[in-house]
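**Q** The structure follows.
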Amino acid sequence: MQATDVSALLPLPIRFQAGQVGGNLTIDYQPDNPIAVNGTVQGQGVSAKIAEVPNEFSQVAGRLRFVDQRIFFEELSGLYGEIPADLSGSIDLEEGYDLRAQAASVTVPDLLRTFNLKTPIALSGEFRGNVRITGDIDSPLLTGTAQSLRPAQADRVRFDRISTNFRVTPQALTFDQITAVPSGGGVVQGGGTIGFRDETVAFRFNTTNAPGDALARSYGFNNPNVRLGAIAATASINGTYSNFQTNLRFQALQATYPTTGEAQIRGSNVRFRNTEVRVAGGRIVGGGEVVDGRWRANGQVAQVPLNQFRSNLSGALNGDFQLAGTLTSTDTIRGSSNFRIDNFAGGRIAGNAAIANGRWNAVASASQVALNRIDPRIESGSLGGNFRVAGRLTDFSPNAIQAQGQYQITNLAGGRATGNVAIAQGRWNATVLANNVALAAFSPNLRGELGSNLRVNGTLANLSPAAIRASGQVQLSQGLAQIDRPLTASIRWLGDQLRIDSATAPGLTANGVVSLPPKRPPFPALTLTSACKITIWPISL
Numbered sequence: 002m003q004a005t006d007v008s009a010l011l012p013l014p015i016r017f018q019a020g021q022v023g024g025n026l027t028i029d030y031q032p033d034n035p036i037a038v039n040g041t042v043q044g045q046g047v048s049a050k051i052a053e054v055p056n057e058f059s060q061v062a063g064r065l066r067f068v069d070q071r072i073f074f075e076e077l078s079g080l081y082g083e084i085p086a087d088l089s090g091s092i093d094l095e096e097g098y099d100l101r102a103q104a105a106s107v108t109v110p111d112l113l114r115t116f117n118l119k120t121p122i123a124l125s126g127e128f129r130g131n132v133r134i135t136g137d138i139d140s141p142l143l144t145g146t147a148q149s150l151r152p153a154q155a156d157r158v159r160f161d162r163i164s165t166n167f168r169v170t171p172q173a174l175t176f177d178q179i180t181a182v183p184s185g186g187g188v189v190q191g192g193g194t195i196g197f198r199d200e201t202v203a204f205r206f207n208t209t210n211a212p213g214d215a216l217a218r219s220y221g222f223n224n225p226n227v228r229l230g231a232i233a234a235t236a237s238i239n240g241t242y243s244n245f246q247t248n249l250r251f252q253a254l255q256a257t258y259p260t261t262g263e264a265q266i267r268g269s270n271v272r273f274r275n276t277e278v279r280v281a282g283g284r285i286v287g288g289g290e291v292v293d294g295r296w297r298a299n300g301q302v303a304q305v306p307l308n309q310f311r312s313n314l315s316g317a318l319n320g321d322f323q324l325a326g327t328l329t330s331t332d333t334i335r336g337s338s339n340f341r342i343d344n345f346a347g348g349r350i351a352g353n354a355a356i357a358n359g360r361w362n363a364v365a366s367a368s369q370v371a372l373n374r375i376d377p378r379i380e381s382g383s384l385g386g387n388f389r390v391a392g393r394l395t396d397f398s399p400n401a402i403q404a405q406g407q408y409q410i411t412n413l414a415g416g417r418a419t420g421n422v423a424i425a426q427g428r429w430n431a432t433v434l435a436n437n438v439a440l441a442a443f444s445p446n447l448r449g450e451l452g453s454n455l456r457v458n459g460t461l462a463n464l465s466p467a468a469i470r471a472s473g474q475v476q477l478s479q480g481l482a483q484i485d486r487p488l489t490a491s492i493r494w495l496g497d498q499l500r501i502d503s504a505t506a507p508g509l510t511a512n513g514v515v516s517l518p519p520k521r522p523p524f525p526a527l528t529l530t531s532a533c534k535i536t537i538w539p540i541s542l
């Protein structure tokens, strides 16, 4: 007979909707007494719906045994939605449900289709589950557990194990406890509810030891100089299937640069706030957003040590910045910044920077920068000046940087030097106007004071003396070597030799060449005999 005929004859909480059944049933009906049914029914290809339980069972095969007010499910198997399951247990028409279902293998797509759910990220995995249906006839409760059979994946994150307890009512699917173990270590725990009728979602997750480096590698970030370590985070997800928001709070206290912050995620839009990055006693605080393919960031920098980025740099960076652009091109970035570097080699650098049309530029002023703290071979002098520097966002190589400025060096061996400097296409050039520089500060073999008007140039790739070229005039207040009177000379430094085009002093003129081996000190004990290529002609007074 048709399975639907059974539902027509008996007032059962199970509604048979399709399929064939056969068997023998005895129905005992007495007024004022519950109906009693006895016998067995064998079904094949049956579809049935349990009242107040979401979804129907289909393709069911097996036996129902009726004993008065109880119905026993024996050797039943079929599909719950699209989930293969075996069903056992009983229904007492007076006491309620006591049913069990076992699903040996359920894929995530089958689960999503069964409950008509959609997710914004890709999910994959295979689970086994155990379900109990209990409760009164008018209000059954479906509860169960599920465990992953093999590694599962959410977006790009792989999980070795996932387990959960859940409840199903006509209104919602509720996960009381979810435990997930990422492949890189740590544990994520949480729970939440998916509403069927109003299509709402409400979840909360937390972790104290998520594997930050493994997660970062999953999304393409793999910088060996930056470690994230264990991440602690809480996340809440609220909204509807098609429009929900994730609120995230995170801490990466073991990171190379310990970081805390908050984020709001809605679709492809992300907003960051209260984000703080600590850098060796300093910090960067800010926020930003990514909305409709455009991004914006702003923040403040306080006492960030520069030696965290280059070991030979000193000082602490302070300032603020505002940046904006699109995700598709660096040419769209716009931004500005004010900055200050305190205690940079004992001095200070301050300025501002801007970014537009794929290029950046900065204007900076320096004061009281001690040269001997930049290069210990320089015994004295304090640098100050004003400089402009520019380049392209896509190329920070020395060849792509352009700069120009004016500098002054005070207290340079008791004297002073000023001039201009410029950098372009990997080369630099400068002018050096010096006066009253005590030569004894550079070599005990030298005496008097130096003045100069020189042009110096070279390449950024090689700053050794052999790669530098210079030409101009120098003045020595007490001469040089055997010349013990004021001397003025036109010179050229060619990398390995000093050409003296002309040298004049009261009573003499000279010219010649001084060749210096590469490892020879820059200021030797120069004598006329050792500089044997110099020729001197006395002049008549």
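Add 1 to a position in the sequence shown, counting from 1, and you land on the number used in our numbering. Built from N, CA and C at the ideal position, the CB exists for glycine as well. Predicted model only: the values in this text are computed from it and were never measured.
1. Is the distance from the Cβ of A490 to the Cβ of V457 below 8 Å?
2. Assuming G496 and L488 form a contact by the criterion Cβ under 8 Å, report the distance between their Cβ atoms to the nearest whole angstrom.
3. Among the candidates N412, F388, A153, whose CA atom is the shortest distance from the CA of A423?
4. With a threshold of 8 Å, are at least 3 pairs of Cβ atoms found where one atom belongs to the segment 192-209 and the other to the segment 225-243?
5. Just the Cα atoms here: how many angstroms apart are E95 and R64?
6. Taking only three categories from DSSP, how would you classify A462?
7. Could you tell me whether the segment 114-125 touches the segment 145-160, using the rule of 3 or more Cβ pairs below 8 Å?
8. Return the CA-CA distance between R521 and I375, expressed in angstroms with no decimal places.
9. Express the C-alpha separation of L10 and A62 in angstroms, rounding to a whole number.
10. Kindly indicate which residue of E277, Q407, P399, G449 has the alpha-carbon position closest to the one of T416.
11. DSSP puts T208 in a beta bridge; with which residues?
12. Report whether the distance from the Cβ of G24 to the nearest heavy atom of the ligand GDP is below 7 Å.
13. Leaving out five residues before and five after I72 in sequence, what residues of the same chain have Cβ atoms less than 7 Å from its Cβ?
14. Which value, in whole angstroms, describes the spacing of the CA atoms of T460 and I163?
15. Just to confirm my understanding: we take S381, look at its own chain, exclude 5 residues before and 5 after, and list those with CB closer than 7 Å. What are they?
16. Looking at the structure shown, is P12 part of a helix, part of a strand, or coil, going by DSSP?
17. Can you tell me whether A468 is buried or exposed? The criterion is at least 16 other CB atoms within 10 Å of its CB, across all chains shown.
18. Over what stretch of residues does the beta strand (DSSP E) that includes V109 continue unbroken?
19. Using alpha carbons as the reference points, say which of F345, Q309, G288 lies closest to A325.
20. If we call anything under 8 Å between Cβ atoms a contact, is A236 one with L249?
21. Using the three-state DSSP reduction, which class does R521 fall into: helix, strand or coil?
22. Does the beta-carbon of Y220 have 16 or more other beta-carbons within 10 angstroms, so that it is buried, or is it exposed?
23. Where do the ends of the beta strand (DSSP E) carrying A264 lie?
24. Check the C-beta distance from S184 over to F160 and give it rounded, since I have them as a contact under 8 Å.
25. Around the C-beta of Y81, are 16 or more other C-beta atoms found within 10 angstroms, so that it is buried, or is it exposed?
26. Run through the DSSP bridge pairs and tell me what Q148 is partnered with.
27. Going by Cα to Cα distance, which pick from V291, A365, G283 is closest to A264?
28. Below 8 Å on the Cβ atoms is my guess for D233 versus T260; work out the distance and round it to an integer in Å.
29. Terminal residues of the continuous alpha helix (DSSP H) containing A215?
30. Could you check which residue in Q405, W429, V433 has the C-alpha nearest to that of A418?
31. Could you tell me which uninterrupted beta strand (DSSP E) segments, each at least 3 residues in length, are contained entirely in the segment 371-445, listed from first to last along the chain?
32. If the criterion is Cβ atoms closer than 8 Å, does the pair T327 and R295 meet it?
33. Rounded to whole angstroms, what is the Cα-Cα separation between A231 and F273?
34. Does the distance from the CB of A506 to the CB of I484 come in under 8 Å?
35. Among the residues of its own chain, which have a CB less than 6 Å from the CB of A4, if the five just before and after it don't count?
**A** According to the data block:
1. no
2. Incorrect: roughly 23 Å between the Cβ atoms, too far for contact.
3. F388
4. yes
5. 21 Å
6. coil
7. yes
8. The pLDDT assigned to R521 is 46, lower than 50, so where the model puts this residue is not dependable, and the model offers no usable value.
9. 21 Å
10. It should be noted that the sequence gives Gly, not Thr, for residue 416. Checked all of E277, Q407, P399, G449; the closest Cα to G416 is G449.
11. V189, A234
12. As for the ligand GDP, it is missing from this structure, which has no ligand bound.
13. L65, S91, I92
14. 60 Å
15. N373, N412, L413, A414, A442
16. coil
17. exposed
18. V109 -> not in any beta strand (DSSP E); alpha helix (DSSP H) instead, spanning 109-115.
19. G288
20. yes
21. Only weak support is given to the placement of R521: the predicted model assigns it a pLDDT of 46, under 50, and the question is left unresolved by the model.
22. exposed
23. 260-267
24. 7 Å
25. buried
26. R129, S164
27. V291
28. It is worth fixing the name first, because residue 233 is Ala in this sequence and not Asp. Not a contact, Cβ separation roughly 11 Å.
29. 213-219
30. V433
31. 383-393, 403-413, 416-425, 428-439
32. yes
33. 20 Å
34. yes
35. F17, G20, V22, V47
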